[in-house]
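In the working numbering, the protein residues as written are 949 to 1179.
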């Protein structure tokens, strides 16, 4: 490949990426308007309450998010946004901005994230697919221990639940909640007090699918808040 052809290919790839991001931004704004959500298209830093909550996800990359949508949900606040970070394959990312020279061999992980502020405080926990490919140091980082269910091998097979209070978490993850999660594989949930994150590792949701994603988030929140009444 000649130098001129190489430059043209690079320019074409960059132009295609810019066009894709522009189209995605427009589609995200249209969806937010249709859902009646406030929308901020530009990149912004994490809101202070979110940054202070202590979520594992935000230990993986710089505290920058984009396409931030927010609105009310039955007495609580609900937000949706995209969070992206770089990490070594099968490894974790770092909160500091990576140097340009350090990008060789790194992969980009982008996910659509739901953030909810609940009326009732939940025990801290981390729920993730049991067979995920990414190495995670959640247990060591937060002092969590594995929580299992003797009467639900299917749930233990598909999900890995970590937390500090096994008794409270077993009551919180009642049969209805566990059944829902088994019907929706691949979900990641992080709980810190009244703050909850819902997402899939490395998966951006198509703007047309955002209403369905938000509906799934609301269903999960209803199940969690119902179960939390007995915890």
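By construction, the Cβ of each residue, glycine as well, lies at the ideal position given by its N, Cα and C atoms.
Given a threshold of 16 other Cβ atoms within 10 Å of its Cβ, counted over all protein chains shown, does residue i qualify as buried or as exposed?
| i | result |
| --- | --- |
| residue 1096 | exposed |
| residue 1111 | buried |
| residue 1139 | buried |
| residue 970 | Only weak support exists for where residue 970 lies, its pLDDT of 48 falling under 50; the value from the coordinates is given anyway. So residue 970 counts as exposed. |
| residue 1041 | buried |
For the putative contact between residue i and residue j, defined by C-beta atoms under 8 Å, what is the C-beta separation to the nearest angstrom?
| i | j | result |
| --- | --- | --- |
| residue 1058 | residue 1145 | That belief does not hold up - the Cβ atoms of residue 1058 and residue 1145 are roughly 15 Å apart, past 8 Å. |
| residue 1061 | residue 1031 | 5 Å |
| residue 1169 | residue 1075 | Actually they are not in contact, since the Cβ atoms of residue 1169 and residue 1075 sit about 14 Å apart, beyond 8 Å. |
Starting from residue i and walking both ways along the beta strand (DSSP E), at which residues does that stretch end?
| i | result |
| --- | --- |
| residue 1065 | 1055–1077 |
| residue 1027 | 1024–1035 |
| residue 1094 | 1093–1095 |
Return the first residue and the last residue of the alpha helix (DSSP H) that residue i is part of.
| i | result |
| --- | --- |
| residue 1086 | 1086–1090 |
| residue 1104 | 1101–1106 |
| residue 1165 | 1158–1176 |
| residue 1115 | 1114–1120 |
| residue 994 | Note, residue 994: premise wrong, no alpha helix (DSSP H); not H, not E. |
| residue 1220 | Residue 1220 is absent from the model: the chain starts at 949 and stops at 1179. |
Straight-line CA distance for residue i to residue j?
| i | j | result |
| --- | --- | --- |
| residue 1012 | residue 994 | 6 Å |
| residue 1167 | residue 1029 | 19 Å |
| residue 1033 | residue 1143 | 21 Å |
| residue 1158 | residue 1026 | 13 Å |
| residue 1155 | residue 1164 | 15 Å |
| residue 1072 | residue 981 | 33 Å |
| residue 1121 | residue 1176 | 9 Å |
| residue 997 | residue 1010 | 16 Å |
| residue 973 | residue 990 | 9 Å |
| residue 1056 | residue 1039 | 12 Å |
| residue 1102 | residue 1131 | 11 Å |
| residue 984 | residue 1019 | 8 Å |
| residue 1160 | residue 1066 | 20 Å |
| residue 1080 | residue 1117 | 21 Å |
| residue 1098 | residue 1171 | 21 Å |
| residue 1100 | residue 1133 | 15 Å |
| residue 1088 | residue 1008 | 15 Å |
On a Cα-Cα basis, can you pick out the residue from the options that is closest to residue i?
| i | options | result |
| --- | --- | --- |
| residue 1077 | 1000, 1126 and 1158 | 1126 |
| residue 1149 | 1018, 1170 and 1035 | 1035 |
| residue 1109 | 1135, 1007 and 1131 | 1135 |
| residue 1115 | 1124, 1093, 1128 and 1015 | 1093 |
| residue 992 | 1066, 1089, 1065 and 1017 | 1017 |
| residue 1063 | 1001, 1087 and 1174 | 1001 |
| residue 1147 | 986, 1005 and 976 | 1005 |
| residue 1104 | 1123, 1091 and 1113 | 1123 |
| residue 1085 | 986, 987 and 1003 | 1003 |
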